[in-house]
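Engineer: Encoded as C-alpha cells, here's the structure I'll be asking about.
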Amino acid sequence: MSIKKVLHYGTPSLREPSKEVHKVSRKITDLVQDLFDTMYAQNGVGLAAPQIGVNLRVFVIDASTKEEPLDPMVFINPKIIKKSGAIKSNEGCLSFPEAYTDVVRYKDIMVKATNEHGKPFVMEVKGGNLLARAIQHENDHLDGILFIDHCLNRFEAEEVLKKYNLPSIDPDKLIDEEEMKSQL
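Residue numbers for the sequence shown follow the numbering used here, so the first one is 1 and each next one is one higher.
So this is what it looks like as C-alpha cells:
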C-alpha cells in the first residue's frame, strides 16, 4: 500500500489508548499492509498502528532472524493472557530514532489475538527471545505505554533521550517493576 510517517516520541497521540477493531475489513487489511511497508522501510522488527497515527489495536511483527526464521505476524485486538519470569534487554523504537536503553520484560508470555483473516489465535512464546519482547513492546503501544516507561535506569535513559534531542521521561509514566527487576 504505502509507507507512512512514523510519529516520534513527544507526539501526544502515542500516549492515548487505542480502540478495539470490531471487524477485519478492507480498511484494516490496508492498515496492516501500510504497517508492514512502513516497518520494512524503517528496518524495524515491529510497528503498532498508533505509531502511524491510527489509534486502533493492531500491530505487526517480523522477528525473523538467521537462527530463528519466522513468518511476519499480524496481531489485531491482542491481549497478553499469561506472563512470567523477567529478562533485561536493550530496546529501541521507531518512534525514538537511534535511542536505545535497557528495559525489563517478561521472559515468557501467552498472547491471544486475531490475524489479518479474522481468525483468532493463541501463541505462547518462551525464553525472552526477540519475538516475546517485540510482542510486549508493540502491545504496550496500544495502551499508550512506551518502552522507556520500562527503563531499568531512569538517569541513563534520560541521557540517551537528551543525546537524540528527544523529550524527557515523564516520571508519572514509569512503571513500577521492582518485583520483575528482582528476578534479573
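Positions of the beta carbon are idealized from the N, C-alpha and C atoms, including for glycine.
Just the C-alpha distance for lysine 181 and valine 104, rounded to the nearest angstrom, thanks.
Structural biologist: If I take the Cα positions, the gap works out to 7 Å.
Engineer: Measuring alpha carbon to alpha carbon, tell me which residue in His22, Phe121 and Glu98 is nearest asparagine 165.
Structural biologist: For the residues His22, Phe121 and Glu98, the minimum Cα distance to asparagine 165 belongs to Glu98.
Engineer: Who does threonine 114 pair with in a DSSP beta bridge?
Structural biologist: In DSSP, threonine 114 forms a bridge with Ile76 and Pro120.
Engineer: Count the other CB atoms, across all protein chains shown, that sit within 10 Å of the CB of serine 18; report buried if there are 16 or more and exposed otherwise.
Structural biologist: Counting Cβ neighbours within 10 Å, serine 18 comes out buried, since at least 16 surround it.
Engineer: Flag this pair as touching only if the segment 112-120 and the segment 143-156 have three or more C-beta atom pairs under 8 Å; answer yes or no.
Structural biologist: Because the criterion of three Cβ pairs below 8 Å is not met, the segment 112-120 and the segment 143-156 do not touch.
Engineer: Buried or exposed for methionine 39, please, with buried defined as at least 16 other CB atoms from any protein chain shown within 10 angstroms of its CB.
Structural biologist: Its Cβ being crowded by 16 or more others within 10 Å, methionine 39 is buried.
Engineer: Whole angstroms is fine: what's the gap from proline 185's alpha carbon to proline 12's?
Structural biologist: Any answer about residue 185 is impossible in this case: the structure gives the chain only from 1 up to 184.
Engineer: Which of the three DSSP states, helix, strand or coil, is assigned to tyrosine 40?
Structural biologist: Here tyrosine 40 sits in helix by DSSP.
Engineer: Assuming alanine 48 is part of the beta strand (DSSP E), what are its boundary residues?
Structural biologist: Where alanine 48 is concerned, the enclosing beta strand (DSSP E) stretches over 46-48.
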